[in-house]
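Heads up, the thing below is written out as structure tokens.
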Amino acid sequence: MSRRTALPPLNALRAFEAAGRHLTFRAAADELGVTQGAVAQHVRGLEAQLGLRMFLREARGLSLTEEGRGYHAAVSQAFAQLSEATARLRPAPGHVTISVTPTFASKWLIPRLPGFGAAHPEIDLRVMATERVTSFHSDGIDLAVRQGEPPFGASIRADPLFRQEILAVCAPDPAPDPVSGLTPPFGPEALPRLTLLHDTHDLWPRYLREAFPGIRAARARGIRFSQTTLGLDAALAGQGVALASRFLVNRDLAAGRLVQAMEYVLRGRRDFYLLASRSRMSPATAAARDWLLAQADPQ
1 MSRRTALPPL NALRAFEAAG RHLTFRAAAD ELGVTQGAVA QHVRGLEAQL GLRMFLREAR
61 GLSLTEEGRG YHAAVSQAFA QLSEATARLR PAPGHVTISV TPTFASKWLI PRLPGFGAAH
121 PEIDLRVMAT ERVTSFHSDG IDLAVRQGEP PFGASIRADP LFRQEILAVC APDPAPDPVS
181 GLTPPFGPEA LPRLTLLHDT HDLWPRYLRE AFPGIRAARA RGIRFSQTTL GLDAALAGQG
241 VALASRFLVN RDLAAGRLVQ AMEYVLRGRR DFYLLASRSR MSPATAAARD WLLAQADPQ
């Protein structure tokens, strides 16, 4: 009967694997929740047991030796296999984190959350509303909705969600002063009496050029907001005319809270996509992704 080769301690292998990925003991310690000295001690013990140097200590950090690179690849693969085997024994986590812009969250996603909850009561949906471009790995994001143009990178799966079709919208009974005596749809002659609600996308100049080609329209008054959702709230309150993607205002248009203020529809250059990591997708994430895609623009 042959005896198996004695394996190094598990903690030593974990410290070596983390240090090999980060190439610093400090980052490995932060990941493992131990001190930097503990990681260094585990690695020294591993090197002593194996009789080999795994790392070269250099001024700018660590580098793996030739033996260290080969061993690190095998150890990393072994940990990955253990993680996958363990995950298969456990129920899939029931939470999904989705990153969306504040406007998408308030104007599209939140009104539909009851429908998602009814369809998937087993999923705890966590909404991260930010304009910042997020990282699936470092920010713990499972899904994201962003405007852009493919390709988004080999590691990202991107599915079209909504076309960017920009409408000018206002309240059915706009504020008495700016547009008294006028009813939508407005033409260029109405611009001096309108208040245009701007956001950071600054689409009004392009919209007016394309909506009224060859017409030198008088300058309209304006209010500027840092987010599209604030401009839409101002439009709902009767404070002027805002620009927004059709899918964001469809509910308000159908309910009569908003009306289309001008006939022209501006085709945007960047559509909305549902993004997911190709390398990891839990059953809960897959279910949330399928639900979102079912709401997508059929075009």
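All residue numbers for the sequence shown refer to our numbering, where the first residue is 1 and numbers rise by one. Positions of the beta carbon are idealized from the N, C-alpha and C atoms, including for glycine.
Next on the checklist: Between L275, G231, V127 and S63, which has its C-alpha nearest G148's C-alpha?
Outcome noted: Position 148 of the sequence shown holds residue 148. If we check each option's Cα against that of G148, L275 comes out closest.
Next on the checklist: Give me, in chain order, the residues of the same chain whose beta-carbon lies closer than 8 Å to that of V259; leave out the 5 immediate sequence neighbours on both sides.
Outcome noted: On the sequence shown, position 259 is the one that residue 259 refers to. Taken in chain order, the residues that qualify are V169, C170, A171, P172, P184 and L253.
Checklist entry - So, are the CB atoms of Y264 and A190 less than 7 Å apart? => result Locating residue 264 in the sequence shown gives position 264, where the first residue counts as 1. Locating residue 190 in the sequence shown gives position 190, where the first residue counts as 1. No; because the gap between Cβ atoms is not below 7 Å, this pair is not in contact.
Checklist entry - Thinking C-alpha only, which one of G115, V96 and Q295 is nearest A286? => result For the purposes of this step, residue 286 is taken as the residue at position 286 of the sequence shown. Per the C-alpha coordinates, the member of G115, V96 and Q295 positioned closest to A286 is V96.
Next on the checklist: Whether or not the stretch 278 to 295 and the stretch 227 to 241 are in contact is what I'm after, with contact meaning three or more pairs of Cβ atoms, one per stretch, closer than 8 Å; do they touch?
Outcome noted: Cβ pair count under 8 Å is below three, so no.
Next on the checklist: In the DSSP output, which residue or residues are listed as bridge partners for M128?
Outcome noted: Translated into the one-based positions of the sequence shown, residue 128 becomes position 128. Partner(s): S99.
Item to check | Test item: CB-CB of G61 and T35 under 7 Å | outcome: As a working mapping, residue 61 is identified with position 61 in the sequence shown. As a working mapping, residue 35 is identified with position 35 in the sequence shown. One thing to note: G61 has its Cβ no nearer than 7 Å to the Cβ of T35.
Checklist entry - Mind checking whether L13 and V100 have CB atoms under 7 Å apart? => result Within the sequence shown, residue 13 is the residue found at index 13, counting from 1. Within the sequence shown, residue 100 is the residue found at index 100, counting from 1. Cβ atoms of L13 and V100: not closer than 7 Å.
Item to check | G117 versus F162 - alpha carbon distance | outcome: Mapped onto the sequence shown, residue 117 falls at position 117. Mapped onto the sequence shown, residue 162 falls at position 162. G117 and F162: Cα-Cα distance of roughly 22 Å.
Checklist entry - In or out: I141 buried (at least 16 other Cβ within 10 Å) or exposed? => result Along the sequence shown, read from residue 1 onward, the residue named residue 141 stands at position 141. It is buried - the Cβ of I141 has at least 16 other Cβ atoms within 10 Å.
Checklist entry - In terms of DSSP beta bridges, what is Y273 paired with? => result Translated into positions along the sequence shown, residue 273 becomes position 273. In DSSP, Y273 forms a bridge with R146 and P160.
Item to check | S138 (DSSP reduced to helix, strand or coil) | outcome: For the purposes of this step, residue 138 is taken as the residue at position 138 of the sequence shown. Looking at S138 - three-state DSSP - the assignment turns out to be coil, as it is neither helix nor strand.
Checklist entry - DSSP state of E165, grouped into three classes? => result In the sequence shown, the residue the question calls residue 165 occupies position 165. E165 sits in a strand when the DSSP states are folded into three classes.
Next on the checklist: In whole angstroms, give me the CA-to-CA distance for Y349 and G214.
Outcome noted: The shown model of the chain, from 1 to 299, leaves out residue 349, and the question about it has no answer.
Item to check | Inter-residue CB distance, T103 and T195 (contact presumed, cutoff 8 Å) | outcome: Taking the first residue of the sequence shown as 1, we reach residue 103 at position 103. Taking the first residue of the sequence shown as 1, we reach residue 195 at position 195. Actually they do not touch by this definition, with Cβ atoms about 20 Å apart.
Item to check | Boundaries (first-last residue) of the alpha helix (DSSP H) holding G61 | outcome: Counted from its first residue, the sequence shown places residue 61 at position 61. Premise fails: G61 lies in the beta strand (DSSP E), G61 to L64, not in any alpha helix (DSSP H).
Item to check | C-beta atoms of A105 and A87 nearer than 7 Å | outcome: Position 105 of the sequence shown, counted from the start, is the residue given in the question as residue 105. Position 87 of the sequence shown, counted from the start, is the residue given in the question as residue 87. No, the Cβ-Cβ distance between A105 and A87 is not below 7 Å.
Checklist entry - If you draw a straight line from the alpha carbon of N11 to that of D139, how long is it in whole angstroms? => result Here residue 11 refers to the residue found at position 11 of the sequence shown. Here residue 139 refers to the residue found at position 139 of the sequence shown. Cα-Cα distance, rounded: 26 Å.
Item to check | Residue ranges of each beta strand (DSSP E) within the stretch 185 to 246, 3 or longer | outcome: Restricting attention to beta strand (DSSP E) runs no shorter than 3 residues, the stretch 185 to 246 encloses them at 195 to 198, 221 to 224 and 241 to 245, ordered along the chain.
Checklist entry - According to DSSP, is V249 helix, strand or coil? => result By 1-based counting over the sequence shown, the position of residue 249 is 249. V249 falls in the helix class under three-state DSSP.
Item to check | Which of helix, strand or coil DSSP assigns to V259 | outcome: Looking up residue 259 in the sequence shown gives position 259. Three-state result, V259: strand.
Checklist entry - How big is the Cα-Cα spacing for D124 and P188? => result By 1-based counting over the sequence shown, the position of residue 124 is 124. By 1-based counting over the sequence shown, the position of residue 188 is 188. For D124 and P188, the gap between their C-alpha atoms comes out near 49 Å.
Item to check | Contact set for W291: own chain, Cβ-Cβ below 8 Å, skip 5 residues either direction | outcome: Here residue 291 is taken as the residue at index 291 of the sequence shown, counted from 1. Result list for W291: F116, A119 and H120, in chain order.
Item to check | Exposed unless 16 or more other CB atoms sit within 10 angstroms - verdict on D177 | outcome: Reading the sequence shown from its first residue, position 177 is the one you call residue 177. With a pLDDT of 44 at D177, under the threshold of 50, the modelled position of that residue is not reliable, and the figure given next carries that caveat. So D177 ends up on the exposed side.
Checklist entry - From G240 to W204, what distance separates their C-alpha atoms? => result Position 240 of the sequence shown, counting from 1, holds the residue named residue 240. Position 204 of the sequence shown, counting from 1, holds the residue named residue 204. Rounded to whole angstroms, the separation of the alpha carbons of W204 and G240 is 13 Å.
Checklist entry - Is it the case that the Cβ atoms of A15 and H42 are separated by a distance below 7 Å? => result By 1-based counting over the sequence shown, the position of residue 15 is 15. By 1-based counting over the sequence shown, the position of residue 42 is 42. Between A15 and H42, the CB-CB gap stays under 7 Å.
Item to check | Rounded straight-line distance, which links the Cα of E122 to that of V179 | outcome: Reading the sequence shown from its first residue, position 179 is the one you call residue 179. Reading the sequence shown from its first residue, position 122 is the one you call residue 122. Only weak support exists for where V179 lies, its pLDDT of 45 falling under 50; the coordinates are left without a value.
Item to check | Burial state of R377 (16 or more Cβ within 10 Å) | outcome: Residue 377 is absent from the model: the chain starts at 1 and stops at 299.
Item to check | Per-residue burial, L197 [other beta carbons within 10 Å of its own, 16 or more giving buried] | outcome: Position 197 of the sequence shown holds residue 197. Residue environment for L197: buried (at least 16 other C-beta atoms within 10 angstroms of its C-beta).
Checklist entry - DSSP state of E47, grouped into three classes? => result Counting from 1 along the sequence shown, the entry for residue 47 is found at position 47. Here E47 carries a helix assignment [DSSP, helix/strand/coil].
Item to check | Between the CA atoms of I156 and A144 - distance to the nearest angstrom | outcome: On the sequence shown, residue 144 is found 144 positions in, with the first residue counted as 1. On the sequence shown, residue 156 is found 156 positions in, with the first residue counted as 1. Rounded to whole angstroms, A144 to I156 spans 10 Å at the Cα level.
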